[in-house]
Each structure stands twice: as structure tokens, then as C-alpha cells.
Amino acid sequence: MAVDHQPAAQPSCADETARALDTPLYNSRITNTYLKLLQKRYPQVDVGELLRFAGMKMHQVEDEGHWFTQRQVNRFQQKLRELTGNPGIAREAGRFSAAPEALSGLGRSILGLLSIARAYSLAGRFTGKFTRSSRIESRVLGPRSAEILVTLNEGVREESFQCESRLGYLESVARYFDSRLTRIEHPECLFRGDAHCRYLLTWQPSRAARWRRVRIPAGLVALAALVAAAAGHLAWAHLAVLLPAIVTAVLLVSVLALHLDNGELRAAVTQLEHTADELVDQIDLNSRNALMISEIGQSLGKGRSIEEILRGVIEALERRLDYDRGVVLLADQQGSRLAVAASFGYSPEQLAVLNGDDGLSLERSDPRGAIIRCLRERQAFLVNDLAAAGSELAGVGSETAWRLGVKSFICCPIAFEDQALGVLAVDNCSTKRPLLERDMNLLMGIAPQIAISIRHVRLVEDNLGQARRLTQELERRVPGAAS
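All residue numbers for the sequence shown refer to our numbering, where the first residue is 23 and numbers rise by one.
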């Protein structure tokens, strides 16, 4: 029998374009630099409107581990030009990245290299922490010149503003080292039809380097004076006056150069200390998260009842995470309300509010509330400022969140397949660090495991109950048969 082999469907150009536009490529630190620039130079811009138009959220921008798509950065740039009226805002933001208020952990790492030539030679390594859209190759051409080559990865479609942004970033590197680019040439550009963007950089030495160079001619003048005096062309009496003046000038120049050098070294060491502190904090955070996941895994594996499982989970959250309060809310069988199954940080009075008649009623609570939407839409929510969120996310109920003093919170759905079982929520009632996307991602990884364990326990309980009923029915019909 002949078999008609149909060719596999090939992805359309539209599909490939959509995939390219929706692939996370650009680290949130790039966007964060723009927001710091707006705060300093364009305070009239409505950042909330800008982020909403781009499909971004503030907690994503503040999370250095988050990445945005080409579509998001395109819309961000489109709205940004409209709100600022500045078509060159991308290059300005690149230059601004060297400002003290915009200096990130990456900038401090660049400062730790101590040399502008070294920084440009390692451009490819550092920019890989910013973008996944391209490959960057760099080489030093001379004492004060370098070449940067940018080639897009397959399938990536950048926009011309990103080339402008790169120019600004390359200029900012020189500012890190108190130098100035005297010339930046761009002979080849992706947006002029070339295969890559090529940048040729030439820079001036730093102030310390310029003062060090002054010492050489001053020393030569002193040597010439000695030779002239020895040859009889200069009176020794004149040399007795001239030589101390020259030596004093050389010493003063040397002291000034050393002072500038020490200032650069101190700045580099300070920045490296900050970077080291951040790394230690990140290691500590990773360690606590790993321990929490391990403890929760043990609780889920050993728990024989839902109460025991949830108690172990909530104790691990309290012990390992830095939230003021946490709660697991489970829906009743009728799906009419949520009840507190386990919690930490709540006073008896606050728990009474949560369990009150109007606190977590799914029928009477504001349907816009984050907890209600979280359960019904099976969608996680993160709010860093409940007062700013207003009616858009009314909180756990119409007035419950306000009565509990909630300032910021995360809520994640506890769902198994298409069944919503409850909500896992944490919140802060006092000012703490801003909640980030990675906080929500961590809890979103825990919530499904809780749902699976709850579902498993309920199935076991249902099976045991069915077995007991069958046994009782058999005993009723045939006395003594069960034994």
C-alpha cells in the first residue's frame, strides 16, 4: 500500500517574527537605567503609564534577574520618545549609565578592572550579562584605541535605537575611568545593511595619567640644567636656585599624580567591596532558598494529613524567607469561601478578620481583589504598594487588606490541573525591601507542589473512606465476613 507522506508544516514568517519578538533578550538593568534617568532629568514622565504601555511591571524592572522581550523594549522606547519628546533618549540613557545614581553591580565590576583598555577588551563578557541578542567581540588596537564588533544572533531583530544605546554605553565606559572618548567611529552598521555594527574608539588618558606624563619633561629640564651647569653654560649660583624649584615642581606633580592614582584605586576598591557584599548577600539568599525548598520537600513527602503538610510548609516559609506574614487559604467544598489552613505572623485578632463572615467570602468579596482573582483566574499577583494599586487590585477583600495593614504582598494559586484548591500568600506590613519577580517565581514553584500533595492526601482519604464504607456494607450484609 502506498503511503502518502505529507511534508511537515513549516513555520510561517509571521510565526518566526512573533517568536523573535517574544523571546526574553534584554536584562531589566537596561530598563532600570532608563527609569533612573527619568527620575533625575524627566520627572514629569508618568512611569506607570510608560510601563503599562510596554507590558512591564516595576517589580520586574527592579529584579536584576528578569529579562524583557524585543516587543516590550520596542513599545517602551516608542512611548518613552513620546513622553520625553527626545528622539535621542536611547543614547542619553547609555551615557547616563556611568552616573553615580545609575551605577549598577555591573558598573562597579567594570571599575574594578582599573583600566579603560582592559574594560573595552572584556566588553563581550560583560555585555553578555545585559543582552542575549548579539555576540560582541572586542580587541585593543593600541594604548588608547579599541575596536568593538557586534553581530546579532540568529532570528533576532533589533531596532536602530539599540545601536544608539550601544554608542552611549561605549561612551560611558570612558567616564567610569575619568577619561574622555576623543573619537568614536561607526563605519559599519546593521541598520545601513552591513553584517554587523563596528565601532572604533579612541580615548584620552585619565587625569592621573596626564599628570604622570608631566613628570618626564620636568625631570628632563632638571637633567638639562645639571648638564648646562657642568659644561659652564649655567652659573652654579643660578643652578642652586633653579634646581630646587624644578625638583619641588617634580615632587608636587608626583604627589598630585599619586593622589589621583590613589583616588582611582580607592574608588575601585570601594566598588569591589560593594560588589563582594552583593555576592555574599546573593549566596546567602540562594542558600536560604535551597534549604527552604529542601524542608518543604520533606514536609510534602512525610506529611500524612493536609494539616501536617501545610504546617511544615508554613514553618519553612517563616524560617527561611524575610516576609512579615504568610498564609495558606483553602477553598471549601462548595467553593463559596476561603479558610485559613496554616499561617505565620498573624495575631489572633487578624486571623479572626481573615476568617470572619466577610473576610474571604468568594461571593461577597470584591471580584477585583487580588486573592479572588488569583483563585478564579489561577494567576499570581505581586503588589509592592497596595495604596498605589487602589481599586485595580483591592486586596484580599473589599476592606480586609486595609484592616490587616497590608503594605505589599504576593499571592499564588494552589491549583491542580484545572481545579483551584486555594491560595498561598505572603505580605509585609512594615517597610522592607521591594518584592521582586524572583520572589513570586519562587512561590509559584512551591504552590503546585502543595496542590499535588493536597490532591494526593484527599485521594487517599477518599479511597480509605470508600473502603470503610464497603467494609461496613459487607459487615451489614454478611455478619462476621469482614473479619
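Positions of the beta carbon are idealized from the N, C-alpha and C atoms, including for glycine.
Inter-residue distance for Gln-66 and Leu-102 is about 12 Å (C-alpha atoms, whole angstroms). Comparing alpha-carbon positions, the option among Val-178, Cys-185 and Leu-43 lying closest to Arg-117 turns out to be Cys-185. In the three-state reduction of the DSSP assignment, Gly-107 falls in the coil class, being assigned neither a helical nor a strand state. Following the DSSP letters along the chain, one finds Glu-495 inside the alpha helix (DSSP H) bounded by residues 459–499. Separation of Leu-60 and Ala-121 (C-alpha to C-alpha, rounded to the nearest whole angstrom) is 13 Å.
Contact check between the stretch 325–337 and the stretch 448–460: fewer than three CB pairs, one atom from each, fall below 8 Å, which does not count as touching.
A Cβ-Cβ separation of about 16 Å leaves Phe-90 out of contact with Thr-149 under the 8 Å criterion. It is roughly 29 Å from the alpha-carbon of Gly-323 to the alpha-carbon of Leu-404. Rounded to whole angstroms, the gap between the alpha carbons of Pro-470 and Leu-397 is 13 Å. Rounded to whole angstroms, the separation of the alpha carbons of Ala-473 and Ile-436 is 5 Å.
Of the candidates Ser-156, Arg-498, Ala-139 and Val-349, the residue whose Cα lies closest to the Cα of Phe-199 is Ala-139. Boundaries for Val-428: no beta strand (DSSP E) harbours it, and the DSSP string shows neither H nor E there. Secondary structure of Asp-449 (DSSP, three-state): strand.
Burial check for Ala-112: the Cβ neighbour count within 10 Å reaches 16 or more, so the residue is buried.
In this structure, DSSP gives Glu-181 a state outside helix and strand, which the three-state scheme calls coil. Secondary structure at Gly-164: strand, using DSSP grouped into helix, strand and coil. DSSP lists Gln-441 as the beta-bridge partner residues of Phe-438.
In this structure Ala-392 is buried. Its beta-carbon is surrounded by 16 or more other beta-carbon atoms within 10 angstroms.
Per DSSP, reduced to three states, the secondary structure at Gly-367 is coil, with no helix or strand assignment. Per DSSP, Phe-152 is not a residue of any alpha helix (DSSP H), being assigned neither H nor E.
If you ignore the 5 residues before and after Arg-93, its C-beta comes within less than 8 Å of the C-beta of Leu-43, Asp-44 and Gly-77, all in its own chain and listed in chain order.
A distance below 7 Å between beta-carbons, with the five flanking residues on each side excluded, links Asp-354 to the following residues of its chain, in chain order: Ala-361. In this structure, Arg-154 is the residue among Arg-154, Leu-189, Arg-166 and Leu-192 with its C-alpha nearest to the C-alpha of Leu-174. Between Leu-457 and the set Glu-337, Ile-305 and Leu-408, the nearest pair of CA atoms involves Leu-408.
For Met-462, the closest alpha carbon among the candidates Tyr-64, Asn-49 and Gln-82 is that of Gln-82. Under the DSSP definition of a beta bridge, Glu-210 partners with Arg-220.
In its chain, beyond the 5 residues on either side, Pro-435, Ala-437 and Ala-442 have a beta carbon closer than 8 Å to the beta carbon of Arg-400.
Taking each of Arg-166, Ile-432 and Thr-106 in turn and checking the Cα distance to Ser-137, the smallest one comes out for Arg-166.
Non-local beta-carbon contacts of His-218 in its own chain, meaning distances under 7 Å to residues more than five positions away in sequence, involve Leu-171, Val-172, Thr-173, Glu-210 and Leu-212 in chain order. Annotated three-state conformation of Gly-77 is coil, per DSSP. The three-state secondary structure of Ala-353, taken from DSSP, is strand.
Per the C-alpha coordinates, the member of Gly-427, Ser-156, Val-178 and Leu-273 positioned closest to Arg-220 is Ser-156. Remark: C-beta atoms of Leu-313 and Ala-364 do not approach each other more closely than 8 Å.
Measuring C-alpha to C-alpha distances from Pro-46 to each of Ala-168, Val-178, Ile-158 and Gly-70 identifies Val-178 as the nearest.
DSSP links Gly-348 through a beta bridge to Phe-366 and Val-448. Take Glu-159, set aside five residues on each side of it, and the residues of its chain with a beta-carbon closer than 7 Å to its own are Gly-146 and Leu-171, in chain order.
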